[in-house]
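The structure appears below as structure tokens.
2 protein chains.
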Amino acid sequence: MTGLPIDPPPRLLMGPGPVNADPRVLRAMSAQLVGQYDPVMTGYMTETMALYRAVFRTANEATLLVDGTSRAGIEAALVSLLEPGDRVLVPVFGRFGHLLREIAERCGAEVHVREVPWGTVFTARELEEAVAAVRPKLVAIVHGDTSTTLAQPLDELGAICARHGALLYADVTASLGGNPVEVDAWGVDVATAGLQKCLGGPSGSAPVTLSPAAVAVLDGRRSIEAGLRDDRDEEVLPASRIRSNYLDLAMILDYWGERRLNHHTEATTMLYGARECARILLEEGLDAAVDRHRRHGAAMAAGLRGLGLTLFGDQSVRMANVVGVEIPDGVDGEGVRGTFLRDYGIEIGTSFGPLHGRIWRVGTMGHNARRDAVLTTLVALEDVLRRAGVAVPTGGGVAGALGSYTQEAA
Amino acid sequence: MTGLPIDPPPRLLMGPGPVNADPRVLRAMSAQLVGQYDPVMTGYMTETMALYRAVFRTANEATLLVDGTSRAGIEAALVSLLEPGDRVLVPVFGRFGHLLREIAERCGAEVHVREVPWGTVFTARELEEAVAAVRPKLVAIVHGDTSTTLAQPLDELGAICARHGALLYADVTASLGGNPVEVDAWGVDVATAGLQKCLGGPSGSAPVTLSPAAVAVLDGRRSIEAGLRDDRDEEVLPASRIRSNYLDLAMILDYWGERRLNHHTEATTMLYGARECARILLEEGLDAAVDRHRRHGAAMAAGLRGLGLTLFGDQSVRMANVVGVEIPDGVDGEGVRGTFLRDYGIEIGTSFGPLHGRIWRVGTMGHNARRDAVLTTLVALEDVLRRAGVAVPTGGGVAGALGSYTQEAA
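Note that the protein sequences, when read in sequence, are chains A and B. Mapped onto the working numbering, the consecutive letters of the first sequence carry residue numbers 1 to 410. Mapped onto the working numbering, the consecutive letters of the second sequence carry residue numbers 411 to 820.
Right, here's the structure in full:
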């Protein structure tokens, strides 16, 4: 009646994420709990804040975890910063841009959308023109959107926002740890992420960082749990009250900060995991990890081309950790994915919206950005494609396309 | 620079929760991930829904997990059910009642509060009079409020709500699994919980159940992520749109239900843990687990009385799994807690609001509702109290108060 113990079959997750967790992360998560105000626990929290400052490349004091998936981090940022009627600019180049738009709408903001076709990104000039025209309080944008596999260059957008008095929020869930992300150098005010992509952990914890300017917005809206906090009892104007308690970053900051005011009951096991993800990444070195993603991601793309497949989207701005390939004419995309999972235990991704049925998405990220994972996936895919009737090139093919990669260090 | 591996010192968590996780739960959480639409994963999800139906004692099809702490479950229920201007009745008998009030206010509801002094609960007659006077759409109430250690009897409230056309929401986070909770028999429409109390898991996943009447309210507000879902493109009136995306139970239901529409990336490891918590509880048997909490909780209370301490609140409605004791005059309550943690590795709870500095809270729940944990705590507390200058009774004391408990099965 209660079913069997958890014992999933071995899977190699080579989709757009989630991917396999690094075994070190799962081991860290198996540690026993401590109380949420135990000095050991507050020590882990303080260390985790410092670790994620390094991961985000920021000096932001306000760097912490939200207890939920990457989507919880996004909503925490938007609901905490946006008041009803605030103007927001959302440049959309894929599925997750639409998500930002939708969440901002639910916050009651006045949302202005700019869109480019899926498979392309915005030029800095297009972004500046939009910011100048909309004059938003906040620009909310996705950095790497796995739906199209592309990364919007953000290195000029912070300066553009600063010139026009706007804050910049970036969703770096899919890019962080596998592509360059420079929160301070790029002038990003708020960035949110998750563990399940290049960080090599399970979904369920959202690292978030806020600049002093963003914290000042929170301070302006700072609210209280009247009667629930012992140290404050002033009332707050309902008009500016943050609409969520659970995702109220002002309160969550008070919990992570020196005052350590009670809020939620920290998800200790997820915190253990998030801390270990950052430790693994920083032990390797952020630049080295980005280079590893670049190298294995490029090999995956070259190998897919060697199988005769056509890559999707503007390759000059493709993320290092995921590549889209067009499903060959006459091939049942979902059938191939099913065979791949059943016969090889390997998962690749389907796609959404305008790309549904048109492309597969293949990821090479986190713990799975490794040579053996890349080669296994390519060899297995070659077999499955042949069985699906695809005319895979012979004489050369994958091995030819990969060149010296197969002899390189793993 | 990246700090040491997670390796917390051994702690016995005998506060109001979180408590130590059952090692079986942590082992289940160490399993590797599978993809979120892998048939293995959707199988685990379907099993988890069935397990929590048994835990909540409900036939509700809409029984699932919210990916966040127990507070995320509370907010998901309230933000999904309440529209701005809706009348809500919140009977408050402790800290967490104030939390319900505050979250309902942030949802824009018209909140009506009734309060009784901390240490007491409402009579059924008081509740019925309040419901009749306010005529709310929803009554939102805490079942067991750890701040006062009391449980509000709910066995008549469902019928009262039904007579007056109100829905009933109950926060059963602290009571579920250690006290009788009968969702269907009591007529509770929506109940939410967490893992970190009697369920013996880490915080970070919130089991939720919704009656068909509650689901009908969600259906009336059902919203879309325009452009993000392939199968629907109708627009929805902004007036009734659920104000949160992350905690939108209509969308989360579509993800857990047969349509399996994409929403957040499931927190797979937390789901493994939540599933195992329910399996452990149901293998023991819900009635047996409640009886175990009653037995060890009663022994803890008797032992504390044997130490000369005075119990807090109306003992006739105290929760089985937590007891409040008055801090003896002249004793530094936080000093004793600190010594207790440092010298014995045992944590007991402080308290909030009007009880701050007045009582300690001692929990006996989940994996820690065991004889050895009870006896260890009492023996250690006797030593720490003596060292703090408390005149602990001699000749009898703990052993005398416990009687045959020390000879019973563990």
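Glycine residues also receive a C-beta, built at the ideal position from the N, C-alpha and C atoms.
{"Query": "Minimum Cβ-Cβ distance from A:Asp-343 to chain B less than 9 Å", "Result": "no"}
{"Query": "Residue-level contact to chain B via CB, A:Ile-327, 9 Å cutoff", "Result": "no"}
{"Query": "Check whether A:Leu-81 and A:Leu-167 have beta carbons under 9 Å apart", "Result": "yes"}
{"Query": "Three-way DSSP call (helix, strand, coil) for A:Tyr-52 in this model", "Result": "helix"}
{"Query": "Start-to-end residues for the alpha helix (DSSP H) that takes in A:Gly-73", "Result": "70-81"}
{"Query": "Buried/exposed call for A:Ser-244, threshold 16 Cβ in 10 Å", "Result": "buried"}
{"Query": "Below-9 Å beta-carbon distance, A:His-29 vs any chain B residue", "Result": "Note that residue 29 of chain A corresponds to Met in the displayed sequence, not to His. Yes, its Cβ sits closer than 9 Å to a Cβ of chain B."}
{"Query": "Proximal residues of chain A, C-beta to C-beta of B:His-522 below 7 Å", "Result": "Within 7 Å Cβ-Cβ: nothing; B:His-522 doesn't reach chain A, min ~16 Å."}
{"Query": "Residue nearest to B:Arg-771 in terms of C-alpha spacing, selected from B:Leu-721, B:Gly-734 and B:Ala-472", "Result": "B:Gly-734"}
{"Query": "Given 8 Å, three or more beta-carbon pairs between the stretch 193-202 of chain A and the stretch 274-293 of chain A", "Result": "yes"}
{"Query": "For B:Trp-528, the three-state DSSP class (helix, strand or coil)", "Result": "coil"}
{"Query": "Against chain A: residues of the stretch 653-673 of chain B by CB proximity under 9 Å", "Result": "Arg-653, Ser-654, Asn-655, Tyr-656, Leu-657, Asp-658, Asn-672 and His-673"}
{"Query": "Per DSSP, the bridge partner or partners of B:Arg-771", "Result": "B:Gly-734 and B:Gly-759"}
{"Query": "Three-state secondary structure (DSSP) of B:His-574", "Result": "coil"}
{"Query": "Contact with chain A by B:Leu-788, beta-carbon distance below 9 Å", "Result": "no"}
{"Query": "Neighbour flag for B:Gln-606 against chain A, beta carbons, 9 Å", "Result": "yes"}
{"Query": "B:Leu-638 versus A:Phe-96 - alpha carbon distance", "Result": "Summary for B:Leu-638: the model assigns pLDDT 44, below 50, so the residue's position carries little reliability, and this model does not support an answer."}
{"Query": "Cα-Cα separation between B:Val-598 and B:Asp-565, rounded to whole angstroms", "Result": "9 Å"}
{"Query": "Beta-ladder partner(s) of A:Arg-318, from DSSP", "Result": "A:Leu-150"}
{"Query": "Per-residue DSSP class, three states only, for B:Asn-470", "Result": "coil"}
{"Query": "Identified DSSP bridge partners for A:Val-139", "Result": "A:Leu-89 and A:Leu-168"}
{"Query": "Check whether A:Val-215 and A:Val-139 have beta carbons under 9 Å apart", "Result": "no"}
{"Query": "Positions along the stretch 469-483 of chain B whose CB lies within less than 8 Å of some CB in chain A", "Result": "Asp-477, Gly-478, Thr-479, Ser-480, Arg-481 and Ala-482"}
{"Query": "Per-residue contacts from B:Tyr-682 into chain A (C-beta, under 7 Å)", "Result": "Ile-6"}
{"Query": "CB contact flag (A:Met-49, A:Trp-256, <9 Å)", "Result": "yes"}
{"Query": "Endpoints, beta strand (DSSP E) assigned at A:Leu-210", "Result": "206-210"}
{"Query": "Closer than 9 Å to chain B by CB, A:Tyr-169", "Result": "no"}
{"Query": "Partners in chain B for A:Gln-36, counting only beta-carbon separations shorter than 7 Å", "Result": "Pro-428"}
{"Query": "Given B:Trp-596 as reference, the closest of B:Tyr-579, B:Asn-430 and B:Leu-605 once Cα atoms are compared", "Result": "B:Tyr-579"}
{"Query": "The stretch 432-451 of chain B in contact with the stretch 785-800 of chain B per 3-pair CB rule at 8 Å", "Result": "no"}
{"Query": "Endpoints, the alpha helix (DSSP H) within which B:Ala-677 is located", "Result": "Premise fails: B:Ala-677 is in no alpha helix (DSSP H) and is neither H nor E."}
{"Query": "Test item: CB-CB of B:Leu-443 and A:Pro-18 under 9 Å", "Result": "yes"}
{"Query": "Pick from A:Val-172, A:Arg-241, A:Leu-253 and A:Ala-193 that is closest to A:Pro-212, judged by C-alpha positions", "Result": "A:Leu-253"}
{"Query": "Beta-bridge pairing of A:Gln-173 - partner residues as DSSP gives them", "Result": "The residue asked about is misnamed: residue 173 of chain A is Thr in this sequence, not Gln. Bridge partners of A:Thr-173: none, in fact."}
{"Query": "Proximity test, Cβ basis, 9 Å: B:Gln-817 and chain A", "Result": "no"}
{"Query": "Proximity below 9 Å, CB of B:Ala-584 to CB of B:Val-732", "Result": "yes"}
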